[in-house]
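To keep things clear, I will list the structure first and then write my remarks on it.
In the numbering used here, the protein residues as written are 740 to 1269.
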């Protein structure tokens, strides 16, 4: 966000609100709650004013496909879209992350990585800065890491699919791993694919750790689907159960012992199976697992709405339960460092002055004899005032010097602490706000944290419950009342889409026809026939 001004952020949020007002009013209110959190974070100093929590959330559903080399990721995408969009082969044929987006002009296109890095509507916005951070000089080569492809498949309408290059953490560049981590964080559904021809990747323990171990304990671990692809390779020996068991053992060795596992192969690239009974058995299992995977992919629009609310709740709790306590502790530590340092320095200074006065003969027993220079400084009110002013000026300079030095020590301690990098940087930035000249050393609460701020956080958390309740009313009907109303009505309306339509490349957004009595009646008759 270094090159983004607060005005640009404001305009971007306004455009997002206008778009969501037409797509999903519930999510529109979520944007307002994010802006409320922004206000609190700005005052705390944990969020730059040219940034917003709302820009850190992808507002369009994301499905990412990760996996090892030659695990059939691109073939799976081509079959799902019914388009030959991605290159396929037994060897690595694509070393870039590919974002696949809907296009309404009927033509598939490939656009450079700059299209993603410079457009806030897509994932990987300003990813070049993150790449540059971990690999100096690589941020300028964003086209070597990313590309955007457009496709006219209707299955893409309302969602974005991300295809990753073959994964090998043992030899992977740090920048590629950073992009992979960001994909995992942003995605609503993650398909982790493995090759049935190599079910036990013993030499790729780092890959297994990055793709499996690091995802097990995540709060959103249910969004990961583990898929053994190209299972048709076992048809000749007819041992799919043995291969599947070997694959599960490999996953269990890195900690994944529970969850839903799938075994599939692409009908478009299947190995011919001559035995009909065997072929039917393989196809039955494949079709069942593919249907379940495709169903999960179709549900990401609904899951995205809930996940955005979850991010809002998590952000509010992070401010209240993580940022504020850490800022309070850092400020308390800084206060102790400053007071102890000043106390020690003043004690040494007083002892030095006492020793100097004894040597200079300013004492007769326990009685202090004022020296001539001190009498001159205090002879008149004006001289006394100037003397006091100079002394206070020196003491003030010394005090702020000590504040700055001790603040540097506390900052170094914060940098050495473990934890998420974004949290650590936010706490450091917020702490520096507390060490400015106008900030009191003796206040217990961090600058910007007050009853007003705490009340605003609590209001957002309460709003999260209300948003979930509204979504539940939209998608669930435990009482059955909505079903009864639908039966009693001849004409019905379609529910509001659960997610905004992603940006389309190469064509205008499809406009809905105005609702007329004839259209409504026709649609009602079609639903009745279905």
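Built from N, CA and C at the ideal position, the CB exists for glycine as well.
(request) Answer with buried or exposed for residue 1092, where buried requires no fewer than 16 other C-beta atoms within 10 angstroms of its C-beta. (result) exposed
(message) Using a Cβ-Cβ cutoff of less than 7 Å, which residues in the same chain neighbour residue 759 once the five nearest sequence positions on both sides are dropped?
(response) 766, 767, 770, 1239
(request) Give the DSSP-derived three-state secondary structure of residue 1204 in the structure shown. (result) helix
(request) Report the partner residues of residue 1002 according to the DSSP bridge assignment. (result) 967
(message) Contact between the stretch 889-908 and the stretch 797-815 is defined here as three or more beta-carbon pairs at a separation below 8 Å; is this criterion met?
(response) yes
(request) May I ask which residues mark the beginning and end of the beta strand (DSSP E) holding residue 931? (result) 928-934
(message) So, at 8 Å on beta carbons, what are the nonlocal neighbours of residue 995 in its own chain, with the 5 sequence-adjacent residues on each side left out?
(response) 951, 952, 955, 965
(message) Counting C-beta neighbours from all protein chains within 10 Å, is the total for residue 1167 16 or more, i.e. buried, or is it exposed?
(response) buried
(message) Please report the distance separating the alpha-carbon of residue 847 from that of residue 1191.
(response) 52 Å
(request) Evaluate the contact criterion for the stretch 774-783 versus the stretch 1187-1204: three or more CB pairs, one atom per stretch, below 8 Å. (result) yes
(request) Label residue 1183 either buried or exposed according to how many other C-beta atoms from any shown protein chain fall within 10 Å of its C-beta, with 16 as the threshold for buried. (result) exposed
(request) Pair every Cβ in the stretch 1199-1206 with every Cβ in the stretch 1053-1071, then say whether three or more of these pairs are closer than 8 Å. (result) yes
(request) Name the one or two DSSP bridge partners that residue 851 has. (result) 886
(request) Rounded to whole angstroms, what's the CA-CA distance from residue 825 to residue 856? Just pull it up for me. (result) 21 Å
(request) Note down, in chain order, each residue of its chain lying with its Cβ closer than 8 Å to the Cβ of residue 1228, except the 5 sequence neighbours on either side. (result) With a pLDDT of 46 at residue 1228, under the threshold of 50, the modelled position of this residue cannot be trusted; read the value that follows with caution. Nothing meets the Cβ criterion.
(request) Just tell me which of 1047, 1033, 926, 1169 has its CA closest to the CA of residue 733. (result) This structure gives no information on residue 733, because the portion of the chain shown stretches from 740 to 1269.
(request) State buried or exposed for residue 865, treating a residue as buried only when at least 16 other CB atoms are found within 10 Å of its CB. (result) buried
(request) Pick helix, strand or coil for residue 805, following the three-state DSSP scheme. (result) strand
(message) Since residue 724 and residue 793 should fall inside the 8 Å C-beta cutoff, what is the C-beta to C-beta distance between them, to a whole number of angstroms?
(response) The requested residue 724 does not occur in the structure, where the chain is confined to residues 740 to 1269.
(message) So, for residue 1265: in the same chain, excluding its five sequence neighbours on each side, which residues have a beta-carbon less than 7 Å away from its beta-carbon?
(response) At residue 1265, the pLDDT of 40 sits below 50, so the modelled position is not reliable and the matter cannot be decided from this model.
(message) Using 8 Å for Cβ pairs, my map puts residue 957 next to residue 983. What's the rounded Cβ distance?
(response) 25 Å between Cβ atoms; not a contact.
(request) Kindly list the residues whose CB is nearer than 7 Å to the CB of residue 1077, restricted to its own chain and excluding five residues on each side of it in sequence; keep chain order. (result) 1141, 1142, 1145, 1180
(message) Let me check one thing: in DSSP terms, what residues is residue 838 bridge-paired to?
(response) 887, 901
(message) Judging by CA-CA distance, which residue of 879, 802, 1067 is the nearest neighbour of residue 1153?
(response) 1067
(message) For residue 998, which residues in the same chain have their Cβ closer than 7 Å to its Cβ, ignoring the five residues on either side in sequence?
(response) 965
(message) Using 8 Å as the threshold, is the C-beta distance between residue 820 and residue 894 below it?
(response) yes
(request) Just the C-alpha distance for residue 801 and residue 1133, rounded to the nearest angstrom, thanks. (result) 60 Å
(request) Find out if the Cβ-Cβ distance for the pair residue 962, residue 904 is shorter than 8 Å. (result) no
(request) Could you check the C-alpha separation between residue 750 and residue 756 for me, to the nearest Å? (result) 10 Å
(message) For residue 1122, which residues in the same chain have their Cβ closer than 6 Å to its Cβ, ignoring the five residues on either side in sequence?
(response) 1116
(request) Just confirm the distance between the C-beta atoms of residue 851 and residue 886, as a whole number of angstroms; I'd bet it's less than 8 Å. (result) 6 Å
(request) Output the distance between the C-alpha atoms of residue 1147 and residue 883, rounded to the nearest integer angstrom. (result) 39 Å
(message) DSSP three-state label for residue 1106, please.
(response) strand
(message) Starting from residue 951, trace the alpha helix (DSSP H) in both directions and tell me its first and last residue.
(response) Unbroken run through residue 951: none, as it is neither H nor E.
(request) Please decide whether residue 861 counts as near chain C, where near means a Cβ-Cβ distance under 8 Å. (result) Going by chain labels, chain C is absent from the structure shown, which holds only one protein chain.
(message) Mapping the DSSP letters down to three states, classify residue 876 as helix, strand or coil.
(response) coil
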